[in-house]
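Data first, discussion second: the structure below is written as structure tokens.
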Amino acid sequence: MSEALLEVTDLIKHYPVRAGVLRRQVGTVHAVDGVSFALGVGETLGLVGESGCGKSTVARSVLRLVEPTSGQIRLEGEDITHLSKTALRPHRRSMQIVFQDPFASLNPRMTAGDIVGEPLAVHGLATGKALEARVARLFEQVGLRPDQMRNFPHQFSGGQRQRICIARALALEPRLIVCDEPVSALDVSIQAQVINLLIDLQRRHGFSYLFIAHDLAVVAHISHRVAVMYLGRIVEIADKDELFRNPRHPYTQALLASVPIANPLAKKLAPLVDGDVPSPVNPPSGCAFHTRCRFAMERCKTERPALVEAAGGHRVACLLNEGTGRPL
Amino acid sequence: MFAYLVRRLFLMLVTLFGISIVIFFLLRVVPGNIVDILFAAAGYVDPADKANLEKELGIDEPLIVQYWHWISGLLRGDFGYSYVSEKPALQEILPRIPITARLAGLALLFSASIGIPLGVISAVKQGTRLDYALRVVSLSGLSLPSFWLGLLILTASVAMFGQMPIFNPNPQTWLEAFATYAVPAAAVGFRSAALTMRITRSSMLEVLRQDYIRTARAKGASDAAVNYHHALKNAILPVITVIGIEAAFLIGGLIVTETVFNIPGVARFLVEAIRWRDYPIVQNLVMFIAVVVVFANFTVDMLYAVFDPRIRYTD
Amino acid sequence: MAAIDFDVELRRAGAHATGGWRRVLFMAQRHVLGAAGLVIMTVFVLTAIFADFIARYDPLTVDSARALARPSLAHWMGTDSFGRDVFSRIIHGARISLAVGLGSTALGGSIGVIVGLTSGYLSGWVDLVFQRVSDVLQALPLLVLALVMTAALGPSLPNVIIAIAIPLIPTVARVIRANTLALREQPFVEAAKSIGMSEMRIALRHVLPNTLAPLIVLATAQLGSTILTEASLSFLGLGIPEPYPSWGRMLSESAAEYVRTAPWLVIFPGIAISLAVFGANLFGDALRDILDPRQRG
Amino acid sequence: GEPKQGGILRMYHRDSPANASILEGATYSINVPFMGVFNNLVIYDQHIAQNSPDTLRPELAESWSWSGDNKKLTFKLRQGIKWHDGKPFTSADVKCTFDLLMGKSQQKLRQNPRKAWYNEVNDVTPNGDFEVSFDLKRPQPSLLAMLASGYTPIYPCHVSPADMRTHPVGTGPFKFVEFKANESIKLTRNPDYWKKGLPYLDGIEYTIITNRSTAILAFVAGKFDMTFPTHITIPLLKDIKSQAPNAICAVEPTNVSTNIIVNSTSAPFDNIDIRRAMAMALDRKAFVDILFEGQADIGGTMLPPPQGIWGMPKDKLETIPGYGPNVNASREEARKLMQKAGYGPDKHLAVKVSTRNLAEYRDPAVILIDQLKSIYIDGELDVVETANWFPKVARKDYMLGLNLTGNSVDDPDQSFYENYSCGSERNYTNYCNKEIEKLFDVQSQEIDVGKRKQLVWDIDKKLQEDVARPIIFHARAGTCWQPYVKGITIMSNSSYNGFRYEDVWLDK
Amino acid sequence: MADKSDLVLDVKNLKTVFFTNSGLFKAVDDVSFTVKRGETLAIVGESGCGKSVTALSLMRLVPDPPGRIVGGSVTLEGTDLLALDEAKMRAVRGNRISMIFQEPMTSLNPVMRIGDQIVEAVRLHRNLSAKEAGDIAVEMLRLVRIPEPARRAREYPHQLSGGMRQRAMIAMALACRPALLIADEPTTALDVTIQAQILALILDLQKELGTGLVLITHDLGVVAQTAQRVIVMYAGRKVEEASVEALFASPKHPYTRGLMASIPAVPASGVAAPPRLNEIPGTVPSLVRLPKGCAFAPRCPLAIKRCQDEYPPLADWGGGHLAACWRAEEVAEVA
Ligand SMILES: Nc1ncnc2c1ncn2[C@@H]1O[C@H](COP(=O)(O)OP(=O)(O)OP(=O)(O)O)[C@@H](O)[C@H]1O
Ligand SMILES: Nc1ncnc2c1ncn2[C@@H]1O[C@H](COP(=O)(O)OP(=O)(O)OP(=O)(O)O)[C@@H](O)[C@H]1O
Ligand SMILES: [Mg+2]
Ligand SMILES: [Mg+2]
């Protein structure tokens, strides 16, 4: 994990808020507000955070599916932030994404085989019989039957659809796969199938994953390192074990404490944070979390904490304890 | 909001400018001009006379110059003179506008007040006999040529009452005025109502399957409340769009109805003016229609915001 | 709860109608009106194609001896004042009326699709320009355009088709554009981008097929209205010229003079027009239902 | 009963005339509503259907007299007549009117379609306020006929031609009130009309209804007292009769001939054989049967008798090729001519038949095309918009054309010179035959009516044999009015001259 | 078994079918369960196994077409809902039984003010003036801890955040203090902190009002923390029912066991995560073409010949622990 496959620096993405038939801009969503991280070869970086905090936006910016407002994205050392669409096209072979919503990301009017084969066709990697054979292999790899290639997306179950998406992402054998909540809609048994597949593939081919999920257990299972986002910013990033053992940011702590344990005898749920998620259109001043933080101080309302190293490789953005967060 | 209106107004002007160019040059592309026609009707031509007349009317000048005369005149409020009647174009156009406006308004009213409720019913009862029946009736509204429907109405009224609703320029009573417009408006409105009904139906079908309709039912709301209070309000935007398009269309598109019912409205006048190549009338009238269309679109956009709180025009 | 015969319900739901004709029959049963529309349209199209074989008389031959004959075995729909066989004229008229209907819908529709797709997909200044152009087209009254077109180029079949097609363009373009704007944001379009597909290919392979449903509904509705527009143009003397029969002209001219004395001159072309419009719309309605994913279950 | 004073005559008008100036017009759409505003020097008796030299009546002129050499025509004018604006009428007004028509005055008519009528007039000179005389280059007895036409009202000097288009001022029984294009034309009674006690009507209102079905329905429903004159086709007449059995309808020739204009300047119709063949292929009776249910007239250039004064008698007519009773024999001959010209069953001649986009033009053209099939000619209809029709014809940009020619006065001078003399602007076919043209002048100067008729018949026959402009038929049309409308007479050999309406009254 | 009088809901042999173009299938097949006053019953199962349809069937809101309830009974406080006419049913809906739908974002009417939507629910069942109902609405919003409830009541759904919308939905569902509340995956799209808030809220209100709760969820953690009893569904059928403790302690159906085994755990200090998660091999069969016997048999490690031929009956394996498996006894041992 020495060399960085992907390096994201100061990524900012603002969306205009538009309304009306004429799509006039009525405001700005600060979807991603200065995010930096690096991802090594064969590494998995987990990305968690509440819904709407900008995880998907980070994911899509990395692939230049949305144009970042500012910041830099380097893939294998090359700055791809400003490459033209055409210049970018060859790079698409080395990075792929599994979308948050598998059904929506499959064209309802194409067969599963066509969908999975399309990347190969587009890059001219295979045609005719060869293409078909490749697609069949991909199907088998993700645990689908080749005879299902002729089926349309709506004829698959949620988990199968997710696997079609994965097969499509794998077709080009990319070095980086961004997985945006690939398992959120699945029940645990299917979820387990998908996760196992991803881990197997990583072992075999050395893929790197940027893995986004709500389910901390899943993230914990698959990731080497984990980043926690809150309202467009990374508030904490550390090795998995370190993060789960010593969460330093009050939000991370609240997250961990809120995970319901699948054991009726274990302690009952008690919400650790209260209040509502602030809107990314008008983010709170200072530390964005101060509106919900139990430990908020006066200066949290005005001062925005930077992401700083609190311990070996453990970075946190919190003003408590001279910027090292609150140890448990 | 203010900035938005300014922008909107600017775009309207751009559109109107485009239309002025299109209509001006389109008319010039058509062979024959008023002079040709006058001489054709007289069955002879004397080149000198012809040249004189062309000069008198100013149609011998280069097109650009003519265009400039027209547009600069418009900006000064000078609409020119009709070639045929030799009266000021404005004086010819203005009295016809309220006639068409009343007719179109009544037709729209008719179409909305019939089309929307029937559309709702048909959507709610989708797949039932009532739905089939309503759809068939509405389709027949769309499949009758309008001149045919108009003649049918006139013939039937003469045959049954020995009377016919022919246009009366000076209605004495309110009732008479209504009668003058109601029948042609109904003839137009039938088609319009059919269209409105179909749009309402399909839009309602879309909405009726939305989750919040289910929520309303889950609250125990009655069918009427669900259909009209919850669903229709959400389904109304496409309907408004169509009514807006119809409104724009009705201002310039009632040629056949105006002909059959002999209503001295804008559309028939426009056709006559085109036949005579009466450029000042055609150009100004088309500009007027364009203004109406553009404003109809604008009104529709504004209505969107009224009906859907998510839409707010600010800039 | 009423008892349910599962087998009956199964059959009603088409569980046995798995392949080929059975499936077609099943769909026809489910969409009776749509099937009727399809049948009507097919009959008309076939009629138009095989007009020469079906018509029993030359539609153009004038014969003073048999003018204004009532419908009879010899002349199923009677003859007109020129002694021409109305049935044969309607059969041949199908050619013109359908050519106008299909031709102008296809022409206006395809240009509208191209404009709408480009405008919606590329957005930016292309969109702005295209939108203003379609504003302009929309603001020109249809019949003004038709008048100007036919006056400029003469009332021939292609010109009538073009004249009727032009106002269709902004309508279709608007619908397709709105759809494209929505589709452009769909994850599957993004997915196509992410594999490095060119914009053109995305527009054609991913966006276009998904706008097909509203397009078909719009097109069938327009098909009907173009036939009516031709009739209206004929009424104003701007339609397809004599001697070739178009339904619109047959109706509009006879309507003036023969409503009472020879009603068959009015009734039959009227029925032909209404039936065609009706058929197209019924078919469109059913397509709408069939293509509505929520109704497919 | 006795005529009654009062009431407004309600009529519909078939279309919106371009303007109100009769002198500039060339359609009876102007004559019908505006003739009542004016007076002529002389006028055809409004209650005798057939216009003829015998029915000429004085109007603004009390009397007229020819000089001994028949080259000077002097009118004594009525005194004490006032224009509608109160100015007195004098001989100067007559002079002004004819100077306008001859193109001699300062002010010009926008268009002057009947300038050629006065080709033989040297000058019009007033002698004092109430006498005026016309100096002719040569005798022309038909001049009176033209002066009596509804097309020749006297205009006032003091109103410009432009004003006459929008607000005509005359001396006639009715005053102009308003003309709303596409809507209505209104006239009101002239209380100071010089014929005491006239007019009976308080006014006339024309509602412009362009759609014939609507118009007729409105008449049937009693919205109108009278249809637009000669606007009812024969099939529609039946319809009216069945719906309004009390209506009184008259069917009369309109003196409008439907004819074929042949472009003899270029192939293929520069070949006289093909022209003849075409003329011989015509089955005129079929046209008349189909379009008029038999009620129209077959003749030459001049309207056939009995309504027409100058038309050839039947026996003479039938000697012309193509007019004979045996159509098949005639077509057989026509085919031979075609074969001579190189066409036959295997080699058809393709021809475009141009015509205007109006039913009156299109319908006969359809029949024509059908008939031409019998002589190996494949016709295709080419409909032309009004605006382009005349320029196209003038350019000789056509092969065959189907045309309607209206004759405002039933006199050979009007018809021959206009349509057949070399170089005339209305001679669309460019037919030019110097010998015949000499004959035109001969008949024109002939004072004896009987002799003139013989000359005219010979000319007419020759014109038909030359296939200059084959006449197919002379149309008839109907006019209907409610039974209480009295004093209407429909002219039987012209539809331009009978609309003074000063003694029309309503028996209500 | 429970005391009858204490029963809020008694569902017996519920059967709901869908007629679709691809065929007819039983989305809910012969499902029975009960809910007591103040009790929480969780329904879990594979995605697409019929949980939501079951819930909708209770409300009689199955979209028709294509769906229809074809059998069984739903007894709410002694009345069989399926036998009521539509008008009577309307009086029950939103009043005695109400539901929080799976997608709160789309379940609020976008063109109506939040307050009005709650007011409507109240006034439909209580004879109150608009003013009084308005007060109740604001009160309900306060109860679900929406700050500034009076102002929020006048706003439209799009002006609220996702969490607030979800709470507004809850407020609306509880406005008439129903005897039974159905919550269909009320927290799927939310992060765990918000999820915890909302669940706590529902449980509080439930306790306060004595409402019976049917909670549908994928998250077994949530089940463990909130429910008293659980039913497990597979391919339209109930395959297991037990108290939450019994179920987590010893599942009696191989599918349930598979589910339990698949749950990943947040790593606790010092415990190494297993390299692979357990998974149930194979995929859910298509509901249109279900196998003749046990629907789970093709994926079941314990499947025997009998499973393929014969659907196992739902049997009581002690203490009200029901499971539909021939080899229920062995399930726990295999684990
Ligand atoms: N195309 C867009 N236009 C405007 N705003 C957007 C757009 N896409 C996302 N946003 C907004 O940006 C913010 C971040 O969205 P994003 O999808 O990245 O969140 P997320 O962390 O992935 O949430 P979730 O967990 O729900 O998937 C949200 O407030 C969202 O509403
Ligand atoms: N409107 C409908 N039309 C056709 N089939 C439907 C419809 N609604 C649900 N189904 C089908 O019924 C079955 C059960 O659906 P249901 O929504 O109850 O699943 P679920 O258990 O709630 O799944 P999830 O966990 O994904 O919400 C599914 O196979 C689904 O495809
Ligand atoms: Mg996301
Ligand atoms: Mg569900």
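Chains as they are written, first to last, in the numbering used here: chain A, 1 to 328; chain B, 329 to 643; chain C, 644 to 940; chain D, 941 to 1448; chain E, 1449 to 1783.
Built from N, CA and C at the ideal position, the CB exists for glycine as well.
Does the segment 147-167 of chain A come close enough to the segment 86-106 of chain A to have 3 or more Cβ pairs within less than 8 Å?
yes
At a cut of 8 Å, does the segment 338-347 of chain B reach the segment 610-626 of chain B through at least three beta carbon pairs?
yes
Apply the 10 Å Cβ neighbour rule to R23 of chain A and answer buried if 16 or more other Cβ atoms are within range, or exposed otherwise.
Your numbering for residue 23 of chain A matches position 23 in the first sequence. A caution first: R23 of chain A carries a pLDDT of 48, below 50, which makes its placement in the model too unreliable to give a value.
Do Q1080 of chain D and E1452 of chain D come within 7 Å of each other at the CB atom, strictly closer than that value?
This structure leaves residue 1452 of chain D out entirely; chain D is present only between 941 and 1448.
Contact between the segment 873-890 of chain C and the segment 718-737 of chain C (3+ Cβ pairs under 8 Å)
yes
Thinking C-alpha only, which one of B:L613, B:R336, B:L366 is nearest G580 of chain B?
Taking the first residue of the second sequence as position 1, residue 580 of chain B is located at position 252. Nearest option by C-alpha distance: B:L613.
Status (buried if at least 16 other CB within 10 Å, exposed otherwise) for R939 of chain C
The count along the third sequence starts at 1 and reaches residue 939 of chain C at position 296. Only weak support is given to the placement of R939 of chain C: the predicted model assigns it a pLDDT of 44, under 50, and the value that follows is read from those uncertain coordinates. With fewer than 16 Cβ atoms within 10 Å of its Cβ, R939 of chain C is classed as exposed.
So what's I970 of chain D in DSSP terms, helix, strand or just coil?
As a first step, residue 970 of chain D must be located in the fourth sequence, where it is residue number 30. It is helical.
Can you grab the Cα-Cα spacing for the pair Q1183 of chain D / R1152 of chain D, in whole Å?
Taking the first residue of the fourth sequence as 1, we reach residue 1183 of chain D at position 243. Taking the first residue of the fourth sequence as 1, we reach residue 1152 of chain D at position 212. Roughly 15 Å between the two C-alpha positions.
Partners in chain B for R931 of chain C, counting only beta-carbon separations shorter than 8 Å
For the purposes of this step, residue 931 of chain C is identified with residue 288 of the third sequence, where counting begins at 1. Within 8 Å Cβ-Cβ: S530.
Can you list, in chain order, the residues of its chain whose CB lies under 8 Å from that of V1324 of chain D, leaving out five sequence neighbours each side?
On the fourth sequence, residue 1324 of chain D is found 384 positions in, with the first residue counted as 1. If we look at V1324 of chain D and ignore the five residues flanking it on each side, its Cβ neighbours are S1294, T1295, R1296, N1297, K1332.
Taking 7 Å as the cut-off, decide whether the C-beta atoms of E1677 of chain E and S1698 of chain E are in contact.
Walking along the fifth sequence from the start, residue 1677 of chain E turns up at place 229. Walking along the fifth sequence from the start, residue 1698 of chain E turns up at place 250. Sequence check: residue 1677 of chain E is Arg here, not Glu. Taking 7 Å as the Cβ cut-off, R1677 of chain E and S1698 of chain E do not qualify as a contacting pair.
Looking at ligand 2, does it come within less than 6 Å of G1498 of chain E, judged from the CB to the closest heavy atom?
One-based indexing of the fifth sequence puts residue 1498 of chain E at position 50. Correct: G1498 of chain E has its Cβ closer than 6 Å to ligand 2.
Along the beta strand (DSSP E) that carries L1628 of chain E, what are the first and last residues, could you check?
Within the fifth sequence, residue 1628 of chain E is the residue found at index 180, counting from 1. From DSSP, the beta strand (DSSP E) with L1628 of chain E extends over 1628-1632.
If you measure from the CB of S762 of chain C, is any heavy atom of ligand 1 nearer than 6 Å?
In the third sequence, residue 762 of chain C corresponds to position 119, counting from 1. Not so, every heavy atom of ligand 1 lies at least 6 Å from the Cβ.
So that I know if they touch, is there some Cβ in chain E lying closer than 7 Å to that of K453 of chain B?
Sequence index remark: in the second sequence, residue 453 of chain B carries index 125 (1-based). No, because no Cβ of chain E sits closer than 7 Å to the Cβ of K453 of chain B.
Drop a sphere of 10 angstroms on the beta-carbon of R542 of chain B, count the other beta-carbons inside from all chains shown, and report buried for 16 or more, exposed for fewer.
To locate residue 542 of chain B, count along the second sequence from 1; it is residue 214. Classification of R542 of chain B: buried, given that the 10 Å Cβ count is 16 or more.
What does a CB cutoff of less than 6 Å around F1481 of chain E pick up in its chain, not counting 5 residues either side in sequence?
Position 33 of the fifth sequence holds residue 1481 of chain E. Hits under 6 Å: V1459, I1679.
Expressed to the nearest angstrom, what Euclidean distance is found between the alpha-carbon atoms of V21 of chain A and R526 of chain B?
What you label residue 21 of chain A is simply residue 21 of the first sequence in a count that begins at 1. What you label residue 526 of chain B is simply residue 198 of the second sequence in a count that begins at 1. Residue placement at V21 of chain A cannot be trusted, given a pLDDT of 46 that sits under 50; what the coordinates show is reported in the next sentence. Their backbone Cα atoms lie some 22 Å apart in a straight line.
Euclidean distance between Cα positions of S1577 of chain E and S520 of chain B
For this step, residue 1577 of chain E is matched to residue 129 along the fifth sequence. For this step, residue 520 of chain B is matched to residue 192 along the second sequence. Going by the C-alpha atoms only, they are around 41 Å apart.
Can a CB atom of chain C be found closer than 7 Å to the CB of P119 of chain A?
Residue numbering aside, residue 119 of chain A sits at position 119 when the first sequence is read from its first letter. Yes, because at least one Cβ of chain C sits closer than 7 Å to the Cβ of P119 of chain A.
Could you tell me whether any Cβ in chain E is nearer than 7 Å to the Cβ of G113 of chain A?
In the first sequence, counting from the first residue as 1, residue 113 of chain A sits at position 113. It does not: the Cβ of G113 of chain A has no partner Cβ on chain E nearer than 7 Å.
Would you say the beta carbon of L1735 of chain E comes nearer than 6 Å to a heavy atom of ligand 2?
In the fifth sequence, the residue the question calls residue 1735 of chain E occupies position 287. Flag set: Cβ of L1735 of chain E near ligand 2.
Tell me where the alpha helix (DSSP H) around N1370 of chain D begins and ends.
The residue given as residue 1370 of chain D occupies position 430 in the fourth sequence. N1370 of chain D -> no alpha helix (DSSP H), and no H or E assigned at all.
Could you run through the segment 844-871 of chain C and flag, in chain order, every residue whose CB is less than 9 Å away from some CB of chain A?
R844, R848, H849, P852, N853, L855
Mind listing, in chain order, the continuous alpha helix (DSSP H) runs of no fewer than 4 residues lying wholly within the segment 1207-1260 of chain D?
1212-1221, 1224-1232, 1254-1257
Using a Cβ-Cβ cut-off of 7 Å, state whether L281 of chain B counts as contacting chain C.
Missing from the structure shown is residue 281 of chain B; chain B here goes from 329 to 643 and no further.
Report the three-state DSSP secondary structure of H82 of chain A (helix, strand or coil).
If you number the first sequence from 1, residue 82 of chain A lands on position 82. If DSSP states are grouped into helix, strand and coil, H82 of chain A belongs with coil.
At least 3 beta-carbon pairs within less than 8 Å: the segment 1371-1382 of chain D vs the segment 1171-1185 of chain D:
no
In this structure, does DSSP put T591 of chain C in helix, strand or coil?
Here chain C comprises residues numbered 644 to 940, so residue 591 of chain C is not present and cannot be evaluated.
Kindly list the residues whose CB is nearer than 7 Å to the CB of V1797 of chain E, restricted to its own chain and excluding five residues on each side of it in sequence; keep chain order.
Limits of chain E in this structure are 1449 at one end and 1783 at the other, which puts residue 1797 of chain E out of reach.
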